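The numbering of the sequence shown is our numbering, which starts it at 66 and goes up by one.
C-beta: ideal position from N, C-alpha, C; glycine also.
For clarity, every value in this text was computed on a predicted model and none was experimentally measured.
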Amino acid sequence: MSLEAEVSAHYAKDGLLQRIIEALNEMGVSTGSVTPEDLKSVDEFHVGGFSATTALIDQLDLKPEMKVIDIGSGIGGTARFVAGETGAHVTGVDLTPEYTSTARSLSELVGMTAVTDYQTANALNLPFDDGSFDVALMLHVGMNIPDKAALMAEVGRILRPNGLFAIYDIMKVGPEPISFPVPWASVGENSFLEGLQTYREASFQSGFAEVSSRDQTTTALKFFADQKRRNGNAGLPAVGLHILMGNKFPAKLANMVSNIAKERIAPIELVLRLE
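Below you can see the structure in the form of structure tokens.
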């Protein structure tokens, strides 16, 4: 099996849309009345959720006339949030066909098809013309991509001059190996963690200049602690990330928190400008 197929299989969950709809019904939400707020707990598949997304896009000065691409868009939560908050049109691309189809269906349910669209595509071979987008986003995706230089080159190709590439990835910060499974990989062979310097060097080769970078470890650990305190003994919510991560969700989450706390990895922002 190719790496592309293995990564897609890691994320694929049969009947994903139906599971989400059933969970919404369990909450008393019918398909005819779903809002983006109802999807909040399953929509943002990265550390910090919507708060982390806001912290990233607040640096980008997004406007309604802009075209944004969300690379590794999952079920479309970030795309819908960004479009709803800024008015920009957001195109999501993801390697996993079921994620793409679910993203389309959920955007239709919440009435956001005019400002979002989704395609199944590889981040290293995007089906868009040169200079198609003003801004590119990538949240917790680079860990599945071994060739960071090829990634930067492809994003540079589809961005317009002076376009921004905003990254929020889990990056390697310590020498110790990490514990698996984690949300992006069940085994080490499918995990391609790199440090911030590797991202920087790859970006410079493709004509990017660094605008800013920020380690969000402290914020991430507070986020996890707040989640644990809020959930208490209540168990998992009906609509939540466990729907995406399957029965290994507790182990994946525990290892993620432990790896960050032990300073093996860190959630890091990197904002780049194409020169």
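Option in the options with minimal Cα separation from residue i
| i | options | result |
| --- | --- | --- |
| residue 231 | 225, 193 and 200 | 200 |
| residue 211 | 255, 148, 183 and 121 | 255 |
| residue 329 | 146, 320, 337 and 70 | 320 |
| residue 167 | 185, 151 and 179 | 185 |
| residue 283 | 103, 122 and 112 | 112 |
| residue 67 | 95, 138 and 209 | 209 |
| residue 336 | 220, 253 and 142 | 220 |
| residue 333 | 121, 182 and 82 | 121 |
| residue 72 | 192, 265, 338 and 162 | 162 |
| residue 262 | 250, 115 and 234 | 234 |
| residue 183 | 149, 227, 138 and 207 | 138 |
For residue i, three-class secondary structure by DSSP
| i | result |
| --- | --- |
| residue 254 | helix |
| residue 303 | Residue confidence for residue 303 is low, a pLDDT of 45 falling below 50, so the modelled location carries little weight and cannot support an answer. |
| residue 12 | Nothing about residue 12 can be read from this structure; the chain reaches only from 66 to 340. |
| residue 106 | helix |
| residue 219 | helix |
| residue 99 | coil |
| residue 285 | helix |
| residue 72 | helix |
| residue 148 | helix |
| residue 195 | coil |
| residue 290 | helix |
| residue 142 | helix |
| residue 111 | coil |
Whole-Å CB distance - residue i paired with residue j, under 8 Å assumed
| i | j | result |
| --- | --- | --- |
| residue 286 | residue 316 | That belief does not hold up - the Cβ atoms of residue 286 and residue 316 are roughly 19 Å apart, past 8 Å. |
| residue 177 | residue 153 | Contact doesn't hold; Cβ gap of about 12 Å is too wide. |
| residue 134 | residue 107 | Actually they are not in contact, since the Cβ atoms of residue 134 and residue 107 sit about 22 Å apart, beyond 8 Å. |
| residue 25 | residue 136 | Because the chain spans 66 through 340 in this model, residue 25 falls outside it and cannot be assessed. |
| residue 147 | residue 101 | That belief does not hold up - the Cβ atoms of residue 147 and residue 101 are roughly 11 Å apart, past 8 Å. |
| residue 225 | residue 253 | Going by Cβ atoms, the distance from residue 225 to residue 253 rounds to 37 Å, so no, they are not a contact pair. |
| residue 213 | residue 267 | 4 Å |
| residue 277 | residue 124 | 6 Å |
| residue 171 | residue 151 | Wrong, their Cβ atoms sit about 19 Å apart, outside the cutoff. |
Counterpart residues of residue i in DSSP-defined beta bridges
| i | result |
| --- | --- |
| residue 280 | 333 |
| residue 210 | Bridge partners of residue 210: none, in fact. |
| residue 133 | 155 and 200 |
| residue 275 | 337 |
Start-to-end residues for the beta strand (DSSP E) that takes in residue i
| i | result |
| --- | --- |
| residue 187 | Segment: none, residue 187 is in no beta strand (DSSP E) and carries neither H nor E. |
Unbroken alpha helix (DSSP H) run spanning residue i, endpoints
| i | result |
| --- | --- |
| residue 167 | 162 to 174 |
| residue 315 | 314 to 326 |
| residue 228 | From DSSP, residue 228 is part of no alpha helix (DSSP H) but of the beta strand (DSSP E) over 224 to 237. |
| residue 344 | Lying before the first or after the last residue shown, residue 344 is absent from the chain, which here runs from 66 to 340. |
| residue 243 | Run containing residue 243: none; DSSP gives neither H nor E here. |
| residue 120 | 114 to 122 |
| residue 266 | 261 to 270 |
8 Å Cβ cutoff, residue i in contact with chain C
| i | result |
| --- | --- |
| residue 338 | Given the protein chain composition of this structure (a single chain), no chain C is represented. |
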